[in-house]
Amino acid sequence: MTDYPGTPGNDTYTPITTTSGLVFDGLAGRDTLIYTGNPDDFVFDLRTESMVITNFLGAINVTIRNIEVFFAGDGNNTFYTNPTSTEVYAFFGGDRQDNFYFEATSLQGGEVFDGGGGGSGGIARNSLFFENLTTGLIFNMQSGVISAFGGVPLAVTNNINYLLAGNGNDVIFAGDTLFNMNGGGGNDTVNGSAGSETLSGGDGNDLLRGFDGNDFLFGGDGADFAMGGNGADAIFGNGENDTLIGGDGGDSIYAGTGNDALAGNAGADELFGDAGHDRLLGGDDDDSLYGGDGDDTLRGQAGDDSMEGGAGNDFMVGGTGQYDILYGDAGNDTVIGGADFNDLYGGDGNDAIASTAGSATIDGGAGDDRLFGSAGYDAMTGGAGNDTIRTGNGDNRAFGNDGNDFMTAGNGADTLDGGDDSDTVIGGAGDDRISGGSGNDALAGGTGNDALFGQGGNDQLYGELGFDMLSGGAGNDRLDGGGQADNLYGDAGVDTLLGGNGNDRLFGGDGNDFGFGGNNDDAVFGEAGDDTLIGQAGNDRLFGGIGNDTIWGGEGDDSLYGGAGFDTLFGDVGNDVLAGNFNADRFVFADFGGGFGRDTITDFAATNDFERIDLSRVGSIVNFADLVANHMSTLGSGVFINAGGGNTITLLNVTIGDLDAFDFVF
């Protein structure tokens, strides 16, 4: 039975009351069902020819057939079209939330989707769904017209707040009320307006443009291109390779799993790379960039930027701001500072970090890192691993920390510390302070007046040019002063000290040390231990100190002092002064190789049964009888021995009567 039968014409039904079981059948014509002003919630489902009215008393189920125009009440309404019908429908919602589901694959032309009034508080939440459409359309929500690409109008809309387009390649223009739009399937173009909208591309390779306002842009699946425009926008990529651009304002940009390109442009932006090999450009102002997983490229550009590469082998550049912070994180990263001051951190992995123009704090972190300073003041730390550190031309500080590090300085006054393990540290031009730390280190001062400290381990120290100070520290060290006047301190261990050119001072310290004065007038101190001291060229002063020392004057007029212990003193070539000091000492002379010159022994102890003058290398004196008869004479308060050829020995405060054969070795 049909309770509201239709006619062949255009019928209009305006029920006052509706009960379950009623049937509305419009038959032929264009028929209208009106429930305007009714506060109940309606569901018009033309797929099943049903209408359900819901209120506080329950649900009312009604059958509807052959009706094309619907006016719902002021409740929350839902409309479903018949997907197989060729009718042209018009739906008019009420003052609350209306949802329109167009189920067919194409519009017939002339459809109407009207969301009605503003509802409670003046805000209606009306949605229009075209998810089954297969042909691309133009949705101009400003004019309220949906048209084909040829310009033919197909449908009219009003007061729609959410739009889901179909599977074609659609173009959407936001209107005054449309603040949430989704392109659906296909390669869509979704345009915002001056307001704050939510734009979604859906599936396909989409173009999203937010324009003015604080917008949300979701690229969805596919390789999307999204531009936020003016305002503080939030932009989200997804799978595949997206291009996401913020525009003016402080934007938040989130890449998906593809190889994405992100650009903040103006404003203090946040860029998140996520998975994939991403490219992030901060743009103007103070930006935060996070590369995420993958091999990413991060460029801060203008502003004071903060960057974190995340996992992967990342490439990071600070830009032109006054203060940038760059953190490579995991992976083998390249981190390059910008202008002014930078904090540069490599994190885990074998990183390359460089300060280009300004001053920087550089920390390589774990891994075998390469650190490069610039012309500014840099503080550089290699961290764990075998690192290479090269300071720039400013006054820098560099610390190798753990690992076998290689460090070189520039032209400034640098402080370099190798840290643990066996390091190679080379100073440059400028007055450098270089420390090896623990381990067997090799240190070189370069030009400038340098201070080198071997510290723990068996170290090699080279002062090179300049007035240098070298301290071996613990261990068996080798110290070479190089050019000019240097101070060398062997400290603990069996050390070898080479003065080189210049008037040097050498201090052996504890241990059985070897000291070589080199050229010029040197002072060599053996200090504690059984030391070997050689003055070499120049007028040298050599002090054995405590221990049984062996002292060679070398060329020049030298002064040799044995100190405490049983010492052996060789004057060598030149007019030398020899003093054994305490205990029983041996004074050795040789007339080959240029002779020994005119030497003086200041404190020969004739009464000491163990003190000796060794003449076994003097060919002109055969034995004690020959010495007394042909070569020995009294000179003032001492004894004068003439070996011939200009070679003489003067013993101060000794008489011939004090001497016997046991005082000499032949």
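Each residue of the sequence shown is one higher than the one before, counting from 1 in the UniProt record's numbering.
Ideal Cβ placement from N, Cα and C applies to all residues, glycine included.
Query: With DSSP as the reference, label Phe587 as helix, strand or coil.; Result: strand
Query: Compute the Euclidean distance between the alpha carbons of Asn419 and Ile235, then round it to the nearest angstrom.; Result: Note on residue identity: the sequence assigns Gly, not Asn, to residue 419. Computed Cα separation, rounded: 46 Å.
Query: Considering only their Cβ atoms, is the gap separating Leu465 from Leu443 smaller than 8 Å?; Result: no
Query: Closest to Tyr13 by CA distance: which of Pro39, Phe56, Glu49 and Ile64 is it?; Result: Ile64
Query: Hey, would you say Phe570 sits closer than 8 Å to Gly544, going by beta carbons?; Result: no
Query: For Arg397 and Thr356, what's the separation of their Cα atoms in angstroms?; Result: 16 Å
Query: Of all the options Ala605, Thr607 and Ala643, which has the alpha carbon lying nearest to the alpha carbon of Val618?; Result: Ala643
Query: For the 8 Å Cβ check, are there 3 or more pairs between the stretch 76-87 and the stretch 19-29?; Result: no
Query: Give me the Cβ distance between Phe216 and Thr198, rounded to the nearest whole Å; I'm assuming they're in contact under 8 Å.; Result: 4 Å
Query: Whole angstroms is fine: what's the gap from Asp343's alpha carbon to Asn167's?; Result: 49 Å
Query: Whose C-beta lies closer than 6 Å to the C-beta of Ala354 among residues of the same chain, with five residues either side of it excluded?; Result: Ile336 and Phe372
Query: Leaving aside the five residues before and after Asp295 along the sequence, list all residues of the same chain whose C-beta is less than 7 Å from its C-beta, in chain order.; Result: His277, Gly312, Asn313 and Asp314
Query: If you draw a straight line from the C-alpha of Gly310 to the C-alpha of Gly349, how long is it?; Result: 11 Å
Query: Could you work out which residue in Asp212, Gln536, Asn214 and Thr424 is closest to Asn520 when comparing CA atoms only?; Result: Gln536
Query: List the endpoints of the continuous beta strand (DSSP E) containing Pro39.; Result: Pro39 -> no beta strand (DSSP E), and no H or E assigned at all.
Query: Using 8 Å as the threshold, is the C-beta distance between Asn159 and Gly136 below it?; Result: no
Query: Tell me, to the nearest whole angstrom, how far the beta carbon of Gly256 is from that of Asp242; I am working on the premise that it is less than 8 Å.; Result: 6 Å
Query: Starting from the Cα of Thr391, find the closest Cα among Asp368, Gly430, Gly385 and Gly116 and give me that residue.; Result: Gly430
Query: Assuming Asn161 and Phe179 form a contact by the criterion Cβ under 8 Å, report the distance between their Cβ atoms to the nearest whole angstrom.; Result: 6 Å
Query: Can you give the Cα-Cα distance for Ile245 and Thr334, rounded to whole angstroms?; Result: 24 Å
Query: Give the DSSP bridge partners of Gly151, in chain order.; Result: Looking at the DSSP assignment, Gly151 forms no beta bridge with any residue, so it has no partner.
Query: Report back the beta-carbon spacing between Asp486 and Phe467 to the nearest angstrom; my notes put them in contact at under 8 Å.; Result: 7 Å
Query: Take Asp531 as the anchor and find which of Gly518, Asp540, Asp510 and Ala523 has the nearest alpha-carbon.; Result: Asp510
Query: What does the alpha-carbon distance come out to for the pair Met380 and Phe582?; Result: 51 Å
Query: Which of helix, strand or coil does DSSP assign to Ser120?; Result: Low per-residue confidence applies at Ser120: pLDDT is 41, beneath 50, and the placement is therefore not dependable enough to give any value.
Query: Tell me which residue opens and which closes the beta strand (DSSP E) that Asp480 is part of.; Result: Arg478 to Asp480
Query: Quick check on the DSSP output: the beta strand (DSSP E) that includes Leu638 runs from which residue to which?; Result: The residue asked about is misnamed: residue 638 is Gly in this sequence, not Leu. Where Gly638 is concerned, the enclosing beta strand (DSSP E) stretches over Gly638 to Gly644.
Query: What first and last residue would you give for the beta strand (DSSP E) that runs through Arg390?; Result: Thr388 to Arg390
Query: Within 10 angstroms of its Cβ, does Gln97 collect 16 or more other Cβ (buried), or is it exposed?; Result: buried
Query: Just checking my contact of Ala232 with Asn214 at CB under 8 Å: how many whole Å lie between their CB atoms?; Result: 5 Å
Query: Answer yes or no: do Ala528 and Ile546 have a C-beta to C-beta separation smaller than 8 Å?; Result: yes
Query: What three-state label does DSSP hand Phe56 in the structure shown?; Result: coil
Query: Nearest to Phe596 by CA position, among Gly638, Gly563 and Asn647, is which residue?; Result: Asn647
Query: Around the C-beta of Phe341, are 16 or more other C-beta atoms found within 10 angstroms, so that it is buried, or is it exposed?; Result: buried
Query: Taking the continuous beta strand (DSSP E) assigned at Asp599, which residues delimit it?; Result: Arg598 to Ile601
Query: Near Ala148, which residues of its chain fall below 8 Å by C-beta distance, leaving aside the five closest residues on each side in sequence?; Result: Thr135, Leu137, Ile138 and Leu154
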